[in-house]
Amino acid sequence: IFINDGAASTDNPEIAIRLTNEEARPDGEGTAFMGRAIEIRISNEPDFDDFPWQPWDTYVSWNLPSTPGEYTIYVQFRDAAGRTATSPDSIFLGEGTPVTPSPVPPPTATPEPTVTPIPPSPTPVPTPIPTAVPTPEPTLEPTATPLPSPTPFPTTRPAAVPATPFPTWTPLPTPVPQETGDPDLPLGVLAVLQGAVLILGIYFALRRGQEEEGVAPLDDGTA
Numbered sequence: 121i122f123i124n125d126g127a128a129s130t131d132n133p134e135i136a137i138r139l140t141n142e143e144a145r146p147d148g149e150g151t152a153f154m155g156r157a158i159e160i161r162i163s164n165e166p167d168f169d170d171f172p173w174q175p176w177d178t179y180v181s182w183n184l185p186s187t188p189g190e191y192t193i194y195v196q197f198r199d200a201a202g203r204t205a206t207s208p209d210s211i212f213l214g215e216g217t218p219v220t221p222s223p224v225p226p227p228t229a230t231p232e233p234t235v236t237p238i239p240p241s242p243t244p245v246p247t248p249i250p251t252a253v254p255t256p257e258p259t260l261e262p263t264a265t266p267l268p269s270p271t272p273f274p275t276t277r278p279a280a281v282p283a284t285p286f287p288t289w290t291p292l293p294t295p296v297p298q299e300t301g302d303p304d305l306p307l308g309v310l311a312v313l314q315g316a317v318l319i320l321g322i323y324f325a326l327r328r329g330q331e332e333e334g335v336a337p338l339d340d341g342t343a
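For what it's worth, my numbering labels the leading residue of the sequence shown as 121, then goes sequentially.
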């Protein structure tokens with residue numbers, strides 16, 4: 121309810137009360153919540169002492185006592201199911217500034233201490249020991265050591281021994297037979313000489329061969 125649309129004071133004891141109605145639950149709910157009001161009654165006291173009911177209206181008039189002072193007006197609502205609810209409002213009657221009582225805040229309930237749950241200690245998780253991974257040792261590959269190339273020895277060739285030329289057979293001049301008393305003598309001498317030359321040639325050839333082979337020369341018995 122609102123007295124004189126929420127005014128704090130008035131000089132006229134005749135006041136107008138503006139009423140509101142239930143809109144959230146028009147039909148009410150059980151015994152705890154009343155529905156839309158259809159009747160009201162007004163009183164200057166909390167008890168209504170069998171005051172008569174009157175139809176609900178947005179504005180209703182009411183008269184305050186003529187004595188200046190602060191007054192509280194009580195309005196009781198009733199719905200079609202007979203459920204009731206009471207609402208008050210205050211106003212100051214008379215000249216001057218009304219003393220508005222300071223609202224006393226309701227006592228604040230001291231909150232009970234909240235027990236903070238202590239979280240359980242975490243179960244120690246064993247730290248995995250890293251497994252040592254063996255480091256592969258480097259494989260030594262045999263390095264082929266090149267064999268030293270054989271130093272070619274110079275081929276010793278035997279010194280060429282100059283061949284001793286065989287003595288050239290020089291034909292002896294044919295002796296002219298001298299006319300002697302014996303015609304057969306020159307032919308015999310010639311044959312002897314030719315045989316001697318042939319023997320000498322063979323001798324010299326053999327001697328040369330022995331010198332080449334390192335054989336001492338044969339003693340021809342003439343020394």
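C-beta: ideal position from N, C-alpha, C; glycine also.
- Query: CB W176 to CB A157, shorter than 8 Å?
  - Reply: Inclusion of W176 and A157 in the CB contact set at 8 Å is warranted, their separation being smaller than that value.
- Going by alpha carbons, who is nearest to I137 out of E331, T178, V309, A311? Nearest option by C-alpha distance: T178.
- Message: I need the DSSP call for I322, collapsed to helix, strand or coil.
- Response: Looking at I322 - three-state DSSP - the assignment turns out to be helix.
- Could you say if the segment 143-151 and the segment 123-133 meet the contact criterion of at least three C-beta pairs nearer than 8 Å? In short, these stretches do not touch, since the Cβ pair count stays below three.
- How long is the line joining the alpha carbons of L184 and T140, rounded to whole angstroms? If you draw a straight line from the Cα of L184 to the Cα of T140, it comes to about 21 Å.
- Message: For a test of the three-state rule: what should DSSP assign to L313, helix, strand or coil?
- Response: Secondary structure at L313: helix, using DSSP grouped into helix, strand and coil.
- What residue ranges within the segment 168-220 form continuous beta strand (DSSP E) runs of no fewer than 3 residues, ordered along the chain? Restricting attention to beta strand (DSSP E) runs no shorter than 3 residues, the segment 168-220 encloses them at 179-183, 189-199, 204-213, ordered along the chain.
- Query: In three-state DSSP terms, what is E134?
  - Reply: In the three-state DSSP reduction, E134 falls in the strand class (E or B).
- Proximity of S210 and T192 at Cβ, strictly below 8 Å: For the 8 Å CB-CB criterion, S210 and T192 form a contact.
- Item | DSSP-derived helix/strand/coil call for R145 | R145 falls in the coil class under three-state DSSP.
- Item | Rounded C-alpha distance that separates R174 from A205 | Sequence check: residue 174 is Gln here, not Arg. Taking the straight line from one Cα to the other gives about 15 Å.
- Query: Among E165, F153, I160, which residue has its Cα nearest to the Cα of E143?
  - Reply: Taking only the C-alpha atoms, the option nearest E143 is F153.
- Spatial distance of G216 from E134 (CA atoms): Residue placement at G216 is poorly supported in this model, since its pLDDT is 49, which falls under 50; the coordinates still yield a value, given next. If you draw a straight line from the Cα of G216 to the Cα of E134, it comes to about 18 Å.
- Item | Proximal residues to I121 (C-beta, below 8 Å), its chain only, five neighbours per side dropped | Counting only Cβ-Cβ distances below 8 Å, and skipping sequence neighbours, we find I137, R138, L139, T140, I193, V195, S207, P208, D209.
- Hey, E190 and F168 are a contact pair by Cβ (cut 8 Å); roughly how many whole angstroms apart? Between E190 and F168, the beta carbon gap of about 20 Å keeps them out of contact (Cβ cut-off 8 Å).
- Message: Rounded to whole angstroms, what is the Cα-Cα separation between A316 and L326?
- Response: So the two alpha carbons sit approximately 15 Å from each other.
- Query: According to the neighbour-count rule (16 or more other Cβ atoms, all chains shown, within 10 Å of its Cβ), is I123 buried or exposed?
  - Reply: Here I123 is buried: its Cβ has 16 or more other Cβ atoms, across all protein chains shown, within 10 Å.
- Item | CB contact flag (R203, T151, <8 Å) | Cβ distance < 8 Å, so R203 and T151 count as in contact.
- Item | Closest Cα partner of T187 within the set G214, V180, I322, G321 | The residue from G214, V180, I322, G321 with its alpha-carbon nearest to that of T187 is G214.
- Rounded to a whole number of angstroms, what is the C-alpha to C-alpha distance between E331 and F324? If you draw a straight line from the Cα of E331 to the Cα of F324, it is about 11 Å long.
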